[in-house]
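**Q** This is the structure, below, for whatever I ask next.
There are 4 protein chains.
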Amino acid sequence: MPVIVTGDDYLQSVRDRGTTLYMFGERIEEPADHPIIQPSINALKATYDLAIDEPELATAYSPIIDARVNRFLHVAESPQDLMDKHAMQRRLGQLTGTCFQRCTGLDTISVLHSATYDVDAKHGTSYHQRYLRFLAEAQRHNILIAVGMTDPKGDRGKPPHQQADPDLFLHVSGRNEHGVFLRGAKAHMTGGWNQHWICVVPTMNLGEADKDYAVVGIVPADAEGITYVYGRQASDTRALEPGTIDKGNAKFGGQEVLVHFDDVFVPWEHVMLDGETEFAQLLVSRFTAYHRASYVCKTGLGDVLTGAAAEIVDMNGVPGAAHIRDKLVEMVHLNETIYSSSIASAARATQLDSGIWMNDEMLSNVCKHNVTRFPYEIARLAQDLAGGIVATMPSEADLRSEEVGPLLERMLAGREDVPTEDRMRIIRLIENLTLGRNAVGYLTESLHGAGSPQGQRIQIWRGMDVELKKVLARKLAGIEESPT
Amino acid sequence: MPVIVTGDDYLQSVRDRGTTLYMFGERIEEPADHPIIQPSINALKATYDLAIDEPELATAYSPIIDARVNRFLHVAESPQDLMDKHAMQRRLGQLTGTCFQRCTGLDTISVLHSATYDVDAKHGTSYHQRYLRFLAEAQRHNILIAVGMTDPKGDRGKPPHQQADPDLFLHVSGRNEHGVFLRGAKAHMTGGWNQHWICVVPTMNLGEADKDYAVVGIVPADAEGITYVYGRQASDTRALEPGTIDKGNAKFGGQEVLVHFDDVFVPWEHVMLDGETEFAQLLVSRFTAYHRASYVCKTGLGDVLTGAAAEIVDMNGVPGAAHIRDKLVEMVHLNETIYSSSIASAARATQLDSGIWMNDEMLSNVCKHNVTRFPYEIARLAQDLAGGIVATMPSEADLRSEEVGPLLERMLAGREDVPTEDRMRIIRLIENLTLGRNAVGYLTESLHGAGSPQGQRIQIWRGMDVELKKVLARKLAGIEESPT
Amino acid sequence: MPVIVTGDDYLQSVRDRGTTLYMFGERIEEPADHPIIQPSINALKATYDLAIDEPELATAYSPIIDARVNRFLHVAESPQDLMDKHAMQRRLGQLTGTCFQRCTGLDTISVLHSATYDVDAKHGTSYHQRYLRFLAEAQRHNILIAVGMTDPKGDRGKPPHQQADPDLFLHVSGRNEHGVFLRGAKAHMTGGWNQHWICVVPTMNLGEADKDYAVVGIVPADAEGITYVYGRQASDTRALEPGTIDKGNAKFGGQEVLVHFDDVFVPWEHVMLDGETEFAQLLVSRFTAYHRASYVCKTGLGDVLTGAAAEIVDMNGVPGAAHIRDKLVEMVHLNETIYSSSIASAARATQLDSGIWMNDEMLSNVCKHNVTRFPYEIARLAQDLAGGIVATMPSEADLRSEEVGPLLERMLAGREDVPTEDRMRIIRLIENLTLGRNAVGYLTESLHGAGSPQGQRIQIWRGMDVELKKVLARKLAGIEESPT
Amino acid sequence: MPVIVTGDDYLQSVRDRGTTLYMFGERIEEPADHPIIQPSINALKATYDLAIDEPELATAYSPIIDARVNRFLHVAESPQDLMDKHAMQRRLGQLTGTCFQRCTGLDTISVLHSATYDVDAKHGTSYHQRYLRFLAEAQRHNILIAVGMTDPKGDRGKPPHQQADPDLFLHVSGRNEHGVFLRGAKAHMTGGWNQHWICVVPTMNLGEADKDYAVVGIVPADAEGITYVYGRQASDTRALEPGTIDKGNAKFGGQEVLVHFDDVFVPWEHVMLDGETEFAQLLVSRFTAYHRASYVCKTGLGDVLTGAAAEIVDMNGVPGAAHIRDKLVEMVHLNETIYSSSIASAARATQLDSGIWMNDEMLSNVCKHNVTRFPYEIARLAQDLAGGIVATMPSEADLRSEEVGPLLERMLAGREDVPTEDRMRIIRLIENLTLGRNAVGYLTESLHGAGSPQGQRIQIWRGMDVELKKVLARKLAGIEESPT
């Protein structure tokens, strides 16, 4: 594999791979050329371009290879590293207005650093060395790693081994002297196809009976036996239409795929957990400690949406009304509240045994939990400011038509000095983020990515140290026997 | 025009009308056959079918023609009439899961009853008799009346006569002995094309300089000079795809159109306001008194969405979890809170001089204001219970494909005894109501229909009788000179 | 017992009764003269005075004694009756700014009408006749009935018969040919001492092993064996201070007492349930159907608090600021939302077998559930508008002092033409309702009276008909085999 | 003045000062001995004790005097310093459950560091040297500095010089060669009397006409001409009652006083602004940048209240119910959200010209803005979990009484193994924080301290860089001419 430097290198790297990807029931010959897929590729491309445009922000010095690397491949050596990462994530959210799909990879290599170290410490395995070798290569080549965590799960009331179909959770289906075979699927993987490697990790706590499900393995995205089925998004087929207005955000979008593994082979050097079930829970909770703080990216989208709302009221001629300013302020207040918990979880990071730093778990969960609430309210406020036209505006084709175009030009006008087309573009961008393709990333993914709301509540319960709080209360209440 | 009785009569009535309707830059030959338009026709059809299926609920005795009429053409003669209307609206929301587009017509004939009466009383005009004649015909033929209220508005900081383009608000462009000519447009009209008549009314308070903008007129939907431009909705083109799953709600949808009037003629018998600017405000505030309570229809959609959420957790195998029940309860609590204000505004209705009853203005505004908030939270909770798959599920075409269909059949399964296809259908219905085509009606229209949130706040401010409240406070505070 | 007509008759009726009431560890000789108790008596007095001042509102014709009676003694014969009741409750809230303590009595005689009828129908008992005789007497004499529902409960994880102390739930401790004996206590009874009769009813579902706890009995408030212990309220002892400013609402307040029953005798004619455990749940759920809608009274307090907030911003010279108006509007919106569910639950009432009408259970629960939330937000907004001084203002004694009075007169001034004392009075009224004595009624009682929030959620769950909602969803999703 | 080391040194230091303090219209001979005042002294004492008990947390090295000093006298030399400060504030909130009144002093010396520096830079004055000399002394003696910012303000619609009474804002009433004289008052000063020095600063933007109001001066708390009038708090006189239960938090409380300045002399060395009106706004906004993040202290109170809620459900026997856990989780989530913004504003601090660091303004405002909302919801949830008894429980005197004590002992019991008195204590602590004396600090002060909610919204508006956000939106919408 060649070394990827520029965004264009990356574009080249995902072509001609011979992968099996289905969309709308058809196998797509060259996914890299498909208009529905391209926006997701562009979003990943932006992670390469930013490293060139703003290297301070988007690269970091890695002692592992003694060179600066893309920050998405850099494991945190300090709280500052985590804060810088979050700044970069917000920036990319601002620049793309979508999910740029590279955080899961970073958060997975982050958690594997400490997890492989800890498994080795207990079991005398050598996962950590394998890991470091892989990471060095990844950094040198500047590659992308998609992560498969969520299994299809079937009956949510049952553990993996009790499912009617054993493949409803991904598992080791065979082993030989060279490696293991993976069977099953990972659901709604973020940006799976458009990356270079896929790392599978368990999705939840596992018991002894689920030993074969406790596997971490890394395979090339074009490995034999992998089938991708593309996930639909709201208004996805607008990408197939001519023009750029109705797309809202014509350039950038997300990607989620169902990835099926049909006895896919993984050589031992890329296996980093195999049967150590007691570490599944640790993997998940550490991953979420990183990844729930990564949802700070949504504040970048919040910036875009707030800007779009401010722009539309300006175009409409009413920027100064008190209730309008008040709504913009509320949008920013909520957005910065989300940002706060991410930054705070980085500032309060702790160092793990393997030497790297991890976001404070409580604050990271708090961050994500606010992300499951506030973007919905921000989106509602944006629609409020945009007006009903956000859901009723005629198409770009109508604007371009000889018959009704001139009519729309006049009737969809705002303030005299604002081109009607510009006003339409902003309205479509708001639609895109609140009802359209990128609402998937801004809303639904904000709810469920890195774990659904109840997942955060469970972690908050676990971490809240209720006993200490009771002691504080008893002391102030004057209950005698209270220990400190 | 023939008398319409059944839903099928209605379908027939909108065919072959030779109207000018544009969509995606093309004139549509027969809109009644267009797959994107048909769901909106189906929704209106349901208002005819219900009158046959549940006549107690959906018809009422009209003394005007001494016969039972469709309740959508019946002006309220008691608070009970209003409560029955609201029950019918909720029921149709339950049956269609969309905006069924017939409430604006009813609410307009309701307001015109008292408004024409009051204008006549002041000006000695004879609008009320014209109105009653029209209404009798409407009731006899059981026809549909769309309402054009919202003007394009251009620069929102300026009144109609100061706009750069005088047509940015609809106005009388000429008068002769037979009638008036209308020029301008009405934006995002609800269900405009698929109805029989269009009634235009002013959208806001008007001053003397805006005299020509103070016009109420009723014209056939196929009148000469009318051009329709179809409004886009999220995922609208899924209606063009084969299959029924991905549509979410394959049968029902809403319709919003931009309607342009190019000197459309209205004979005097159908003119019911012409220059009496001081009544523009009254028209708007009485219309909103009726129409903001009509948003009770959204509780019917809320019932559907709650049912879908309850169904999906059941299909997933986890119906009994405490936090899941709690979310379903919250959805119902919010939904019934909306319902409350609608019913209360009917129960507290007042009788107007013309003899008909009008919803309590305060409570009607309160109803609508809750509608601008709670459906967004209900939708968020539904997505929470549905899981991330609501925004990442592969297409129906994939399910039908020979290659990946069997794979999806297995991987998208829930509880063993639930067909995968059924689970997909429920997920798509939730998508439809929260991110898709009917999110337009359930969310954005809930925000802006019948006036944006700030419109309700202004009405609440006007009606809240702050002086009485101050007196209450002063008395209890012991401030001496307080009058009662 | 004499017939009570005027408020003064009532005052007379509670004197010289020889009751045993403790407050601050002392037995109070004549509670009717105690300054802490008098405000609660005044609140009840207002229920008599209103019947004279506004008889349309506060009296109703009772066929039981063929005469108009105080509406607090009238069982609902129509939905209109319930709406009138709720109008009266809001009015009394406006006039007293506190809990006027007479609703529990009305709601209890309401539920006993149907419950005694239904028990008789099943068991052939004659409770209903006893009930009607008692009610006729109550109406003739215009007396007050306090209700003891909530038991002390001890370990909330255990039913009555498993408690360490059998008296932690009130129960029948003995029976003879003349009647039963009651033993135990009822906690935080609303206005217990200042009424004429006390009716005890079970607090929750009971099983066969709790047979003796399934008792309804009515005893005079001065019956032998009853001991009252007065409940503390925030800032309660300000009632003992001179002056009227610091009290906030010097005239009106609530009352909650712990009432202990030490083998109190109840003759059979006043026993209306004795061991029919299967009716305990019905009693509770019907009581809450009535009583949770009665919490509409809090909208009267909300009116007072909104008025006080509007008054203070006026006195401060900033009534017109947009954010201030917006907060007043929000207060009203929330307040009217509460009002809506109460009125709607009355308008949608159902008739029971005994002939009387009961509020719709779902909407009544929804009403109360909003009452557990919105008054807290209204109070927060009132404090916001009042400014920090609401919690830091010097005392009335300082204002009256020769040394610092003149200083405060100047320094606590608002707008020039507003007397400083008036401004202080309004501030104290806001304190009273948000942090002081009547915050008990406006906030905490709003949370727990008629059942804590979780109680409403359980009832909403029971009544929400989730199966019907699922059917609606399945039909629209196109799932074939769906029944209606 | 002696050097204060221990808490007891501090107690000694506020005795025998001959100050003029009024409470309830009486001059208090020795305020240090007054039971209503002592809890506020205890809270300040805790700031001394903590420096001894946890020196890492509560002291810091000051290069100004080359020694470790109490952290409340240490100006931030790094973001870490600010984070440590916030950790200390939360800890003191946990230990005292009240406002410990020392943050305003720290935040004022912090802002004066940079403000005096900047004024000097512009005007060639020597305020900064005066400041450094004062600070060095303050650090050496470990003294307390109260801050007077909020003026009485009179008619809020008018600036200082237009008020009917010129003293409604504090101002320079005279100048001589030795210094200036201050006249007017500062309202609801936090902990004014119980500190050693009082620093007055302007409360808002000032124009040229308000030159004499632009003054910063530091005077001893016992300076001639100062009169204190004590502010009332909810249930304040419980401090005068025997026993400790009903006080809720018997040891700790806050203090707010109205402080009147009757031509109080300030020597030039303690004058640090005099007429430079253009710096008034800067002083206020920098002060709020520090002080709004200091409201992290409320998370310490939130910890106590959460602990009390967890304790009471435990004592009641129902700790494990899902809805109860869920409410505790929500309390923690909201509390940690507040914490996040404080920590983030420290982590993102910026260095000022004078060399010290200041919290990020946006995040500090966001912190405080959440503080105006979440404690109210946390308090509501605590009352929910506590039950209605939180507002109706009989007094401690009743518990101690021979007659009804044994009865209460039984009837107020919870779980068998929990002493009734302990249960009462926890209930009273919850009352204290939600309706009682410390609700003043936890709720009302959270709303208005460091500026009312609208103050934060204005700052958020100013800092939100709406133009940048618009550019982001325009770019993604494809509007051509957008600059980067």
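These protein sequences, in sequence, are chains A, B, C and D. According to full-length UniProt numbering, the first sequence is numbered sequentially starting from 1. According to full-length UniProt numbering, the second sequence is numbered sequentially starting from 1. According to full-length UniProt numbering, the third sequence is numbered sequentially starting from 1. According to full-length UniProt numbering, the fourth sequence is numbered sequentially starting from 1. Beta carbons are placed, not taken as given, at the ideal position from N, Cα and C, and that holds for glycine. Values in this document were obtained by computation on a predicted structure and should not be read as measured data.
1. Roughly how many whole angstroms lie between the Cα atoms of Thr227/B and Ser40/B?
2. Report yes or no: is there a C-beta of chain D within less than 8 angstroms of the C-beta of Ala138/B?
3. Could you tell me whether the Cβ of His323/A comes closer than 8 angstroms to any Cβ of chain B?
4. Among Leu476/A, Thr237/A and Ala43/A, which one has its Cα closest to the Cα of Phe24/A?
5. How would you label Leu468/C, buried or exposed, when you count the other beta carbons within 10 angstroms and need 16 or more for buried?
6. Please name the residue or residues paired with Thr59/D in a DSSP beta bridge.
7. Going along the chain, which residues of its own chain have a beta-carbon closer than 6 angstroms to the beta-carbon of Thr196/B, five neighbours each way excluded?
8. With a threshold of 16 other CB atoms inside 10 Å of the CB of Gly355/D, please say whether the residue is buried or exposed.
9. Check whether chain C comes within 8 angstroms of Ser340/B, counting only Cβ atoms and requiring the distance to be less than that.
10. For Arg437/B versus Gly253/B, is the C-beta spacing smaller than 8 angstroms?
11. In terms of DSSP beta bridges, what is Trp197/B paired with?
12. Could you please give the first and the last residue of the uninterrupted beta strand (DSSP E) stretch that includes Phe265/D?
13. Would you report the Cα separation of Ala32/C and Pro2/C, rounded to the nearest angstrom?
14. Considering only the alpha carbon of each residue, which of Arg175/D, Gln255/D, Val172/D and Pro152/D lies closest to Ala164/D?
15. Among Gly307/A, Leu44/A and His128/A, whose alpha-carbon lies nearest the alpha-carbon of Ile426/A?
16. What is the residue span of the alpha helix (DSSP H) that Lys158/A lies within?
17. Specify the secondary structure class of Ser173/B as computed by DSSP and reduced to three states.
18. May I ask you to report which of helix, strand or coil DSSP gives Tyr339/B?
19. Have a look at Glu29/D and Asp16/D and give me their C-alpha separation to the nearest angstrom.
20. By Cβ distance, which residues of its chain are closer than 6 angstroms to Pro483/D, with the 5 residues on each side in sequence left out?
21. Is it the case that the Cβ atoms of Pro159/C and Asp210/C are separated by a distance below 8 angstroms?
22. For Leu119/B, which of helix, strand or coil comes out of DSSP?
23. What are the boundary residues of the beta strand (DSSP E) that His188/B is part of?
24. Which one or two residues does DSSP pair with Leu273/D in a beta bridge?
25. Nearest to Glu377/C by alpha carbon, out of Gly414/C, Glu330/C, Arg410/C and Gln351/C?
26. Okay, do the stretch 83-101 of chain A and the stretch 114-127 of chain A touch, 3+ Cβ pairs below 8 angstroms being the bar?
27. Look up Ile109/D in the DSSP assignment and say whether it is helix, strand or coil.
28. Among Val440/D, His448/D and Glu421/D, which one has its Cα closest to the Cα of Glu480/A?
29. Assuming Val390/A is part of the alpha helix (DSSP H), what are its boundary residues?
30. In the DSSP assignment, find the alpha helix (DSSP H) that holds Leu429/D and state where it starts and stops.
31. With 8 angstroms as the limit, tell me which residues of the stretch 416-447 of chain A have their beta carbon closer than that to any beta carbon of chain D; keep them in chain order.
**A** Working from what's here:
1. 18 angstroms
2. no
3. yes
4. The residue with the shortest Cα to Cα distance from Phe24/A is Thr237/A.
5. Leu468/C should be labelled exposed.
6. Asn70/D
7. Residue identity check: residue 196/B is His in the sequence provided, not Thr. Correct list, in chain order: Ile143, Leu144 and Ala221.
8. exposed
9. Answer yes: the Cβ-Cβ gap between Ser340/B and chain C drops below 8 angstroms somewhere.
10. yes
11. Ile145/B and Pro220/B
12. Glu256 to Pro267
13. 18 angstroms
14. Nearest C-alpha to Ala164/D among Arg175/D, Gln255/D, Val172/D and Pro152/D: Pro152/D.
15. Gly307/A
16. Element bounds for Lys158/A: n/a, residue is neither H nor E.
17. strand
18. helix
19. 9 angstroms
20. Because Pro483/D carries a pLDDT of 47, less than 50, the predicted location of this residue cannot be relied on, and the following value inherits that uncertainty. Nothing listed; no residue qualifies.
21. yes
22. Looking at the sequence shown, residue 119/B is not Leu but Val. In this structure, Val119/B counts as helix in the three-state DSSP scheme.
23. Gly179 to Thr190
24. Beta-bridge pairing links Leu273/D to Val216/D.
25. Glu330/C
26. no
27. In the structure shown, Ile109/D sits in a helix (DSSP, three-state: H, G or I).
28. That would be Glu421/D, whose Cα lies nearest to the Cα of Glu480/A.
29. Careful: Val390/A lies outside any alpha helix (DSSP H) and carries neither H nor E.
30. Thr420 to Thr434
31. Asp422, Arg425, Ile426, Arg428 and Leu429
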